[in-house]
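Working notes for the structure below.
In our numbering, the protein residues as written are 1 to 790.
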């Protein structure tokens, strides 16, 4: 006798209960059946497998996926018959061919595999039954045999023919393999026999029908275990087989197949490499609940679910790479479509309205995040969103004809950073660049290709406005302050010259012009009323060449700057006439200053010298003028007057502010000369030939001498006067000889000769005829008035 090992005993006790009827029946049978003992020991060593009392109504079965042999708790039969049932299931679990088989590509192969599995299990059951004395007929038979012991007797005959003593067969022996291996006559006979029997879970079918139906349902995408097999009738599931292009094709058709949950399904279609099977699930009320399609391999490529109204609510389209599309149908006729990739992650999501028009389409990346989205409108316009990995996105709007109408960018926080609008011609018409601090730039694009750019600050106020021509060249740039008023403006020209305006808070402004090389060419100022108050022009060297200072009364000053640093200043009156003209040297010292009257004629002119001296001219309305020269100390050194013809009529010379000489000129070229020395004044009269003809000498304004001259300018008489009384005190007379000498005679106030002398032409005494009279004035001599020669 073969004893059971601890593992076998443990599994029996855990599965059936220690010392239970079933446990005791098995222990008793082991003493009689060496095959059963060996089989149980093998099962004890079968890692992970177990016995259990299963669910009621499920019968007896072997489940390789759960590694279990289960018995229905209501299962009841005589002890020795029960043991043969156990041996049958052990045969399924342990013997070669007890489960599985060659790949079943059709129902026939599935039946062949099933009958082989059962044939092998039947041989295990048969061997144990024989060893327990159930040899057929009145001795009894195994569980799976019919009342007449048909299979037992047939197998007995085969064993007898093969010379096998079944009672002595042990587990794993060559004899056991000759009996139970797939393909033996014993297994074939048992299988064929079993095919005519009804399975315990499908009492209206034979095993042959059951195996075929199971395969058909399995390849129709169904789980056959969900079928209520006890209600399945023969002929409820049918198939026909034929060959097309060398390939076997099965056409499936069923009636309503009952399910355990009260629902039922229908299957129809074609099982082939190119065909498909449709499985339709109906509820207990006969309403369709689900419809699925499967290919030849049993792969479900479509699954549709239906609502209470019989309309589809959801659909799945599956692909072999494990990707699939899910459709959700709403009651209003709209639907959504969701595409999933091979890893089960969403790749696309779309919405459709009741008319089938797509209204939304979203694409997803490998990380499950959206990468692109389309929002479609009924007028065929749509919006496209592109989502970047960093969380930023773009939105592009398209019009009814497919042309772009708007393009926008958003950062990772959803803040819009860019917005561009397009016209019907596809060209941008407006663009907004937004900053995180809420400031932004607005661009306006004209049809001719030119554009403007407007910058706005954080509070929405304008900060800058610029214009660009068709070539992108900036032609205008204006800057604004916090109060919204312009503070600076640039006007750019194509030759790279430009004008810069600076606007002050008080409304005044300046304008600065720059040339093509960037150098300043003009600078102007304007007051709050727009009136120009200053205008300066510059040369190529950057130095000012001309300047205008304008006054509100329309008078103005014009400055002209020469290359050597000198300059002129011209003042104009309210009606545009020149009122003053001045010159300055390179050091800024004024060298000339001319004043003009209302008639535009000069009224005064001052010429300045570097040493501080200057000349002043005054021009009278009648054309006459006078000129005064001043020394370095500011004192007058000369004064002259001129008539309207420019003829000098008077000339006065000064020393230390005191007149020293004075000339009065007549139109006939005669003149009068005055010489001043302290309290003394000398006056000489000259004729048209500039020859003296008369002479006066004063002291403190009192005449004390007068001289008379001949036509050659020679003194011919000298009269002397008392400065107190003005009375004549005496006089002298002079006569000239042909040899160049002259005679001098002196007379007293009464005309009496008091002295007589003779002199050389240069005044040396030659002869003295003294006539001494009391009160005489000495020896006279003629005077040459040299100090008055011009």
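Every residue, glycine too, gets a C-beta built ideally from N, C-alpha and C.
CB contact flag (residue 182, residue 120, <8 Å): Within the chain shown, residue 182 is the residue found at index 182, counting from 1. Within the chain shown, residue 120 is the residue found at index 120, counting from 1. Going by C-beta atoms, residue 182 is nearer than 8 Å to residue 120.
Cα-Cα separation between residue 416 and residue 283, rounded to whole angstroms: Counting from one through the chain shown, the residue named residue 416 turns up at place 416. Counting from one through the chain shown, the residue named residue 283 turns up at place 283. Distance between the alpha carbons of residue 416 and residue 283 is about 53 Å.
Reference residue 224, options 540, 257, 194 and 244, closest by Cα: On the chain shown, position 224 is the one that residue 224 refers to. Taking each of 540, 257, 194 and 244 in turn and checking the Cα distance to residue 224, the smallest one comes out for 257.
Pairwise C-alpha distance: residue 354 and residue 382: For the purposes of this step, residue 382 is taken as residue 382 along the chain shown, with counting starting at 1. For the purposes of this step, residue 354 is taken as residue 354 along the chain shown, with counting starting at 1. In a straight line, the C-alpha of residue 382 is about 18 Å away from that of residue 354.
Inter-residue spacing [alpha-carbon to alpha-carbon] between residue 370 and residue 297: Residue mapping note: residue 370 aligns to position 370 of the chain shown, counting from 1. Residue mapping note: residue 297 aligns to position 297 of the chain shown, counting from 1. Approximately 34 Å between the Cα atoms of the pair.
Identity of the residues DSSP links to residue 674 by a beta bridge: On the chain shown, position 674 is the one that residue 674 refers to. Looking at the DSSP output, residue 674 shares a beta bridge with 662 and 683.
Through-space distance from residue 444 to residue 533, alpha-carbon basis: The sequence position of residue 533 within the chain shown is 533, counting from 1. The sequence position of residue 444 within the chain shown is 444, counting from 1. Going by the C-alpha atoms only, they are around 36 Å apart.
Nearest-angstrom Cα separation, counted from residue 635 out to residue 653: Position 653 of the chain shown, counting from 1, holds the residue named residue 653. Position 635 of the chain shown, counting from 1, holds the residue named residue 635. Cα-Cα distance, rounded: 11 Å.
Cα-Cα separation between residue 395 and residue 309, rounded to whole angstroms: The residue you call residue 395 lines up with position 395 of the chain shown. The residue you call residue 309 lines up with position 309 of the chain shown. Looking at the two C-alpha atoms, the distance is approximately 40 Å.
Member of 113, 172, 194 and 347 whose CA lies at the smallest distance from the CA of residue 149: In the chain shown, the residue the question calls residue 149 occupies position 149. Nearest C-alpha to residue 149 among 113, 172, 194 and 347: 194.
Pair within 8 Å by beta-carbon distance, residue 519 and residue 484: Position 519 of the chain shown, counting from 1, holds the residue named residue 519. Position 484 of the chain shown, counting from 1, holds the residue named residue 484. Contact: no.
Per DSSP, the bridge partner or partners of residue 795: Given that the chain is displayed from residue 1 to residue 790, the structure contains no residue 795 and the question cannot be resolved.
For residue 578 and residue 789, the rounded distance between their alpha carbons: The sequence position of residue 789 within the chain shown is 789, counting from 1. The sequence position of residue 578 within the chain shown is 578, counting from 1. Confidence in residue 789 is poor, its pLDDT being 39 and thus under 50, which makes the residue's placement unreliable; the coordinate value appears in the next sentence. Looking at the backbone, the Cα of residue 789 and that of residue 578 are separated by about 41 Å.
Alpha-carbon to alpha-carbon, residue 477 and residue 412: Taking the first residue of the chain shown as position 1, residue 412 is located at position 412. Taking the first residue of the chain shown as position 1, residue 477 is located at position 477. Distance between the alpha carbons of residue 412 and residue 477: 33 Å.
Nearest-angstrom Cα separation, counted from residue 384 out to residue 419: As a first step, residue 419 is located in the chain shown; it is residue number 419 there, counting from the start. As a first step, residue 384 is located in the chain shown; it is residue number 384 there, counting from the start. Residue 419 and residue 384: Cα-Cα distance of roughly 14 Å.
Reference residue 389; option with closest CA among 375, 367 and 380: Counting from one through the chain shown, the residue named residue 389 turns up at place 389. Here the closest residue by C-alpha is 367.
Boundaries of the alpha helix (DSSP H) in which residue 6 is found, first to last residue: Taking the first residue of the chain shown as position 1, residue 6 is located at position 6. For residue 6, the enclosing alpha helix (DSSP H) covers residues 6–16.
Sufficient close CB pairs (3 or more, under 8 Å) joining the stretch 26–46 to the stretch 170–184: Under the three-pair Cβ rule at 8 Å, the stretch 26–46 counts as touching the stretch 170–184.
8 Å Cβ cutoff, residue 341 in contact with chain D: The displayed structure is made up of one protein chain only, and chain D is not part of it.
Cβ shell of residue 136 (< 7 Å), same chain only, five flanking positions each side left out: Translated into the one-based positions of the chain shown, residue 136 becomes position 136. Within the same chain, residue 136 has close Cβ partners 149, 152, 153 and 156.
Assigned exposure category for residue 4 - 16 Cβ within 10 Å defines buried: Here residue 4 refers to the residue found at position 4 when the chain shown is read from its first residue. Looking at its Cβ environment, which holds 16 or more other Cβ atoms inside 10 Å, residue 4 is buried.
Buried or exposed by the 16-neighbour rule on C-beta atoms within 10 Å, applied to residue 33: Here the question's residue 33 lines up with position 33 in the chain shown. With 16 or more other Cβ atoms within 10 Å, it is buried.
Buried or exposed (CB count within 10 angstroms, at least 16 for buried), residue 233: Locating residue 233 in the chain shown gives position 233, counting from the first residue. Its Cβ having fewer than 16 others within 10 Å, residue 233 is exposed.
Beta-carbon gap between residue 200 and residue 83 smaller than 8 Å: Here residue 200 refers to the residue found at position 200 of the chain shown. Here residue 83 refers to the residue found at position 83 of the chain shown. No.
Backbone CA spacing between residue 784 and residue 573 [nearest angstrom]: The residue given as residue 784 occupies position 784 in the chain shown. The residue given as residue 573 occupies position 573 in the chain shown. Its pLDDT being 47, under 50, residue 784 is placed unreliably in this model, and the value from its coordinates should be taken loosely. If you take the alpha carbons of residue 784 and residue 573, they lie about 55 Å apart.
Where residue 156 falls: helix, strand or coil (DSSP): The residue you call residue 156 lines up with position 156 of the chain shown. Taken through DSSP and simplified to helix, strand or coil, residue 156 comes out as helix.
Cα-Cα separation, residue 506 to residue 604: Against the chain shown, residue 506 aligns to sequence position 506. Against the chain shown, residue 604 aligns to sequence position 604. Straight-line Cα distance between these residues: approximately 39 Å.
Identity of the residue in 481, 734 and 741 nearest residue 753 by Cα: Walking along the chain shown from the start, residue 753 turns up at place 753. That would be 734, whose Cα lies nearest to the Cα of residue 753.
Cα-Cα separation, residue 697 to residue 736: As a position in the chain shown, residue 697 is number 697, starting the count at 1. As a position in the chain shown, residue 736 is number 736, starting the count at 1. Pairing residue 697 with residue 736, the inter-Cα distance amounts to about 23 Å.
Per DSSP, cross-strand counterpart(s) of residue 478: Here residue 478 corresponds to residue number 478 of the chain shown, with the count starting at 1. Among the bridge pairs identified by DSSP, residue 478 is matched with 465 and 489.
Straight-line Cα distance separating residue 569 from residue 555: Residue numbering aside, residue 555 sits at position 555 when the chain shown is read from its first letter. Residue numbering aside, residue 569 sits at position 569 when the chain shown is read from its first letter. Residue 555 and residue 569: Cα-Cα distance of roughly 13 Å.
Beta carbon of residue 127 nearer than 8 Å to that of residue 197: Within the chain shown, numbered from 1, the residue matching residue 127 stands at position 127. Within the chain shown, numbered from 1, the residue matching residue 197 stands at position 197. Their beta carbons are not under 8 Å apart, which means residue 127 does not touch residue 197 by this criterion.
Sequence ranges, alpha helix (DSSP H) only - wholly within the stretch 553–577, length at least 4: When DSSP assignments are scanned along the stretch 553–577, no uninterrupted stretch of alpha helix (DSSP H) that is 4 or more residues long falls wholly within it.
Alpha-carbon spacing of residue 405 relative to residue 423, whole angstroms: Against the chain shown, residue 405 aligns to sequence position 405. Against the chain shown, residue 423 aligns to sequence position 423. When rounded, the distance between both Cα atoms is 6 Å.
Where residue 737 sits in the DSSP three-state scheme: Residue numbering aside, residue 737 sits at position 737 when the chain shown is read from its first letter. Residue state, collapsed to three classes: coil.
C-beta contact flag for residue 794 and residue 592 at 8 Å: Given a span of 1 to 790 for the chain in the structure shown, any question on residue 794 remains unanswerable.
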